[in-house]
Amino acid sequence: MAKQCIGIDVGGTTAKIGLLSSEGVILDKWEIPTRREENGAHILPDIAASVREYLDRHGIGTEDILGAGIGVPGPVTPDGNVAVCVNLGWKQETNPEKELSRLLNGMYVKAGNDANVAALGEMWQGGGKGHKSIMLFTLGTGVGGGVVVNESVVAGFRGMGGEIGHILVNFDEPDSCNCGNHGCLEQYASATGIVRVARQMLEASDEPSVLRKGDAAFSCKAVLDAAKAGDVLALSAVRTSMRYLALAMHYISHITDPEIFVIGGGVSKAGQFLLDIIEEYYETFTVMGKGRAKVGLATLGNDAGMYGAARLVLDRE
Ligand SMILES: [Zn+2]
Numbered sequence: 610m611a612k613q614c615i616g617i618d619v620g621g622t623t624a625k626i627g628l629l630s631s632e633g634v635i636l637d638k639w640e641i642p643t644r645r646e647e648n649g650a651h652i653l654p655d656i657a658a659s660v661r662e663y664l665d666r667h668g669i670g671t672e673d674i675l676g677a678g679i680g681v682p683g684p685v686t687p688d689g690n691v692a693v694c695v696n697l698g699w700k701q702e703t704n705p706e707k708e709l710s711r712l713l714n715g716m717y718v719k720a721g722n723d724a725n726v727a728a729l730g731e732m733w734q735g736g737g738k739g740h741k742s743i744m745l746f747t748l749g750t751g752v753g754g755g756v757v758v759n760e761s762v763v764a765g766f767r768g769m770g771g772e773i774g775h776i777l778v779n780f781d782e783p784d785s786c787n788c789g790n791h792g793c794l795e796q797y798a799s800a801t802g803i804v805r806v807a808r809q810m811l812e813a814s815d816e817p818s819v820l821r822k823g824d825a826a827f828s829c830k831a832v833l834d835a836a837k838a839g840d841v842l843a844l845s846a847v848r849t850s851m852r853y854l855a856l857a858m859h860y861i862s863h864i865t866d867p868e869i870f871v872i873g874g875g876v877s878k879a880g881q882f883l884l885d886i887i888e889e890y891y892e893t894f895t896v897m898g899k900g901r902a903k904v905g906l907a908t909l910g911n912d913a914g915m916y917g918a919a920r921l922v923l924d925r926e
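This is the structure in C-alpha cells:
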C-alpha cells in the first residue's frame with residue numbers, strides 16, 4: 610500500500626482534515642468543529658480522536674501513514690511551539706507537534722502557520738505547481754502570505770516569516786492598522802483596504818462613479834466589478850491598492866527571488882484583470898528582476914492549508 614499522509618488545517622470555527630497520497634491527491638476529507646472553550650483544550654484531542662476513528666473505520670494502520678501535518682492560525686517556531694494563539698483560545702505555550710503526536714500514539718507530526726502552510730500547498734498542487742520557490746499573497750479581510758524557498762516554508766526564528774500584511778508600504782498614512790502601525794500593506798490590498806481606498810477617493814472628488822449610486826456600504830466586489838466595467842474612480846482605487854501590493858512583491862523579489870507570485874483570497878476572484886494591474890506595477894518597480902517572476906492565481910481555495918499541511922510531512926528526514 611502506498612504511503613499516505615494526513616493534512617489538518619485548524620481554523621477558528623472548524624478543523625479541516627484530509628487523507629492525501631504522497632503524490633498530493635486528496636483521497637478523502639472531512640471537517641470537525643473547533644471547540645475553543647476552556648482555552649481551546651479540546652481542539653487537539655478532538656482532532657486526534659477524529660483521525661483515529663477514521664483510520665480504524667477504514668482499516669488503515671498507522672504504519673501506512675507517513676505522518677500528520679497541521680496548520681494553525683498563529684506563529685509557529687521551527688521546533689513546533691506556539692506561544693499564544695488567540696484564534697484558538699490557546700493562552701499558554703502549546704506544542705501541537707508533541708501533543709498531537711502523543712495523542713496519535715507516536716505518529717510523526719509537523720506543525721506550521723496556516724498561511725505559510727497554504728503557500729506550501731499552492732506550491733505543491735496549486736497555482737505554484739511546477740515551481741520550488743513561490744510567494745503566496747492571500748488577499749481577504751486581511752492580507753496573509755507565505756514564502757516558500759526550495760520547497761521549504763520560510764517561517765523564521767519566531768514564526769513571523771511571511772507576515773507580509775504588515776509590511777510598511779506608505780510612510781504618510783494617518784489611519785492606523787489593526788496592528789497599531791500606520792501604512793501597512795493590509796490597509797490597501799485587503800478587501801477592506803480596497804473599499805477604504807475607494808471611499809477616500811469618493812470623498813476627495815466629485816468624479817462621477819457607480820459607487821455613489823448603489824449601497825453606501827459597498828463591498829470590495831462592487832469596487833472590483835465597477836473597475837472592470839470601466840468606472841474611472843473604481844479603477845483608480847484598485848490600481849492604487851495593487852500598486853502597494855506590487856511594491857511589497859518588489860521587496861520580496863530582492864530578498865527571496867521567487868519564481869512565481871501566487872495571488873489568492875477573495876479579492877483574487879477578480880482574476881486576470883487584477884493580475885494585469887499587479888504585473889504592470891511589479892514590472893515597473895523591479896528593474897533588476899524584469900520579466901523574471903511570474904504572477905498567477907491560487908487554485909486550491911480553502912483546501913490549500915490541508916494540502917500544505919500534508920506536504921510538511923514529506924520533508925521528514
Ligand atoms: Zn499592520
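Here my numbering = 1-based position in the sequence shown + 609. Glycine residues also receive a C-beta, built at the ideal position from the N, C-alpha and C atoms. Please read these numbers as outputs of a predicted model, since none were measured by experiment.
Check                                                                                                                                                    : Outcome
Can the beta-carbon of M915 be found closer than 7 Å to that of G737?                                                                                    : no
Determine the DSSP secondary structure at L729, reduced to helix, strand or coil.                                                                        : helix
With DSSP run on the structure shown, which of helix, strand or coil describes V819?                                                                     : helix
Starting from D592, trace the beta strand (DSSP E) in both directions and tell me its first and last residue.                                            : This structure does not reach residue 592, given that the chain is present from 610 up to 926, and the question cannot be answered.
Can you tell which of D637, A727, G715 and S710 has the C-alpha that lies nearest to the C-alpha of V681?                                                : A727
Compute the distance between the beta-carbons of A826 and L748, then report whether it is under 7 Å.                                                     : no
Under DSSP, the alpha helix (DSSP H) around A835 begins and ends at which residues?                                                                      : C829 to K837
So, with DSSP's three-state summary, where would you put T801?                                                                                           : helix
Given 6 Å as the limit, tell me if N779 has its C-beta closer than that to any heavy atom belonging to ligand 1.                                         : no
Return the CA-CA distance between L1002 and L709, expressed in angstroms with no decimal places.                                                         : Outside the displayed range of the chain (610 to 926) lies residue 1002, so it cannot be described from this structure.
Could you tell me the distance, in whole angstroms, from the CA atom of F882 to the CA atom of G905?                                                     : 11 Å
Among M769, Y663 and A624, whose alpha-carbon lies nearest the alpha-carbon of D637?                                                                     : Y663
If you follow the beta strand (DSSP E) that K719 is in, where does it begin and where does it stop?                                                      : V718 to N722
Of the residues R925, D866 and E647, which one's Cα is nearest the Cα of G900?                                                                           : D866
Would you call the CB atoms of V762 and G721 closer than 7 Å?                                                                                            : yes
With H, G and I counted as helix, E and B as strand and the rest as coil, what does DSSP make of D924?                                                   : coil
Is I743 helix, strand or coil when you go by DSSP?                                                                                                       : strand
My guess is that A800 and C829 are in contact by the Cβ rule of under 8 Å, so how many angstroms apart are they, rounded?                                : 4 Å
At a cut-off of 6 Å, is H775 close to ligand 1 when judged by its beta-carbon and the heavy atoms of the ligand?                                         : yes
Nearest-angstrom Cα distance between N911 and G873?                                                                                                      : 10 Å
By the DSSP assignment, the beta strand (DSSP E) with D673 in it spans what residues?                                                                    : Neither: D673 is in no beta strand (DSSP E) and is coded neither H nor E.
Could you check the C-alpha separation between L713 and E889 for me, to the nearest Å?                                                                   : 49 Å
Mapping the DSSP letters down to three states, classify I849 as helix, strand or coil.                                                                   : Note that residue 849 is Thr in the sequence shown, not Ile. T849: helix per DSSP, three-state reduction.
Give the straight-line distance between the Cα atoms of G751 and G774, rounded to the nearest whole angstrom.                                            : 7 Å
For ligand 1, I want to know if N790 counts as a neighbour, meaning its beta carbon is within less than 6 Å of at least one of the ligand's heavy atoms. : yes
Please classify D723 as buried or exposed, where buried requires at least 16 neighbouring CB atoms within 10 angstroms.                                  : buried
Identify whether K878 lies in helix, strand or coil by the three-state DSSP scheme.                                                                      : helix
Taking only heavy atoms of ligand 1 into account, decide whether any of them is closer than 6 Å to the Cβ of C793.                                       : yes
Suppose contacts are defined by Cβ-Cβ distances below 7 Å. Is I756 in contact with G771 by that definition?                                              : Before going on, a small fix: residue 756 reads as Val here, not Ile. Cβ atoms of V756 and G771: closer than 7 Å.
Which residue marks the beginning of the beta strand (DSSP E) containing L628, and which one marks its end?                                              : T623 to S630
On the DSSP bridge list, what partners appear for H791?                                                                                                  : S785
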